[in-house]
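S.K.: Structure below; questions to follow.
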Amino acid sequence: MTDVSDGVLHTLFRSDQGGHEQVVLCQDRATGLKAVIALHSTALGPALGGTRFYPYASEEEAVADALNLARGMSYKNAMAGLGHGGGKAVIIGDPELIKSEELLLAYGRFVASLGGRYVTACDVGTYVADMDVVARECRWTTGRSPRTAARATPPCSPPSASTRACGPPPSTCGATRRCVTARSVSRASARSATTWWSTCGPRAPRS
Numbered sequence: 001m002t003d004v005s006d007g008v009l010h011t012l013f014r015s016d017q018g019g020h021e022q023v024v025l026c027q028d029r030a031t032g033l034k035a036v037i038a039l040h041s042t043a044l045g046p047a048l049g050g051t052r053f054y055p056y057a058s059e060e061e062a063v064a065d066a067l068n069l070a071r072g073m074s075y076k077n078a079m080a081g082l083g084h085g086g087g088k089a090v091i092i093g094d095p096e097l098i099k100s101e102e103l104l105l106a107y108g109r110f111v112a113s114l115g116g117r118y119v120t121a122c123d124v125g126t127y128v129a130d131m132d133v134v135a136r137e138c139r140w141t142t143g144r145s146p147r148t149a150a151r152a153t154p155p156c157s158p159p160s161a162s163t164r165a166c167g168p169p170p171s172t173c174g175a176t177r178r179c180v181t182a183r184s185v186s187r188a189s190a191r192s193a194t195t196w197w198s199t200c201g202p203r204a205p206r207s
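full-length UniProt numbering puts the sequence shown at residues 1 to 207.
Listed below in structure tokens is the structure:
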């Protein structure tokens, strides 16, 4: 996603009609990770929604799916009274071909860099074992195994409908990322925006 196509930009602009707060395009060249994290609303609390791992036909399709799913999660979480807003993430690619521990760790660093605004979980193409890997870089995960949840510091609840993000934001982010909102990107900045995505993904120094 180092080159942001006109189709992706059009999808992002159009998403403004849905009131999305934030969209993060993620890339880690070392692992082949390409992902989209969409936050529709944090009005009721951190955005909660799963991570879908799917071989989308195009980046435009992946962005559109993330936006639509995130909006749906806002309504689902509100109706369930979870105290969470809505969000969703998609990883682009066939999980049978490209999923690896290193890729999931890189993805976890992107989620961690949001500082608790987004809580992720399993979805199509991701499983409890995957969330256990993501949780090694990011405390804001649910749907993990009870054993890993119990080891979290501060401790996280086992997977349940009332799971909340755990603890304050980490003192150092596990990934470097740039974010884009539909309101903040203009056509004038579209070309310069294509340089953003290559900065995503390197591990931040740990203290």
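Backbone N, C-alpha and C fix where the C-beta goes; we use that ideal spot for every residue, glycine too.
Everything numeric in this text was worked out from a predicted model, so none of it was measured.
1) How about residue 40 and residue 81: are their beta carbons less than 9 Å apart?
2) Flag this pair as yes or no: are the beta carbons of residue 78 and residue 44 separated by less than 9 Å?
3) Using DSSP with H/G/I as helix, E/B as strand and the rest coil, what is residue 128?
4) Can you give, in chain order, each stretch of the alpha helix (DSSP H) that sits fully within the region 62-123 and has at least 4 residues?
5) Are the CB atoms of residue 137 and residue 93 nearer to each other than 9 Å?
6) Is the region 95-103 close to the region 56-70, with three or more CB pairs under 8 Å?
7) Just checking my contact of residue 120 with residue 50 at CB under 8 Å: how many whole Å lie between their CB atoms?
8) By a C-beta neighbour count over all protein chains shown, 10 Å radius and 16 as the cutoff for buried, is residue 127 buried or exposed?
9) Should residue 47 be labelled buried (16 or more other beta-carbon atoms within 10 Å of its own) or exposed?
10) Rounded C-beta distance between residue 124 and residue 54? I'm assuming under 8 Å.
11) If you compare alpha carbons, which of 105, 110 and 114 is closest to residue 134?
M.R.: On the basis of the supplied data:
1) Sequence index remark: in the sequence shown, residue 40 carries index 40 (1-based). Sequence index remark: in the sequence shown, residue 81 carries index 81 (1-based). Not closer than 9 Å, so no.
2) Locating residue 78 in the sequence shown gives position 78, where the first residue counts as 1. Locating residue 44 in the sequence shown gives position 44, where the first residue counts as 1. Yes, these two residues count as a Cβ contact at 9 Å.
3) To locate residue 128, count along the sequence shown from 1; it is residue 128. Of the three classes helix, strand and coil, the one that applies to residue 128 here is helix, per DSSP.
4) 95-98 and 101-113
5) The residue labelled residue 137 in the question sits at position 137 within the sequence shown. The residue labelled residue 93 in the question sits at position 93 within the sequence shown. Contact annotation: residue 137 and residue 93 have beta-carbon atoms that are not nearer than 9 Å.
6) no
7) Indexing the sequence shown from 1 puts residue 120 at position 120. Indexing the sequence shown from 1 puts residue 50 at position 50. At roughly 7 Å, the Cβ-Cβ gap stays under 8 Å, so residue 120 and residue 50 are in contact.
8) By one-based count along the sequence shown, residue 127 stands at place 127. It counts as exposed.
9) Walking along the sequence shown from the start, residue 47 turns up at place 47. Its Cβ being crowded by 16 or more others within 10 Å, residue 47 is buried.
10) In the sequence shown, residue 124 corresponds to position 124, counting from 1. In the sequence shown, residue 54 corresponds to position 54, counting from 1. Confirmed, Cβ separation roughly 6 Å.
11) What you label residue 134 is simply residue 134 of the sequence shown in a count that begins at 1. With distances taken between Cα atoms, residue 134 lies closest to 105.
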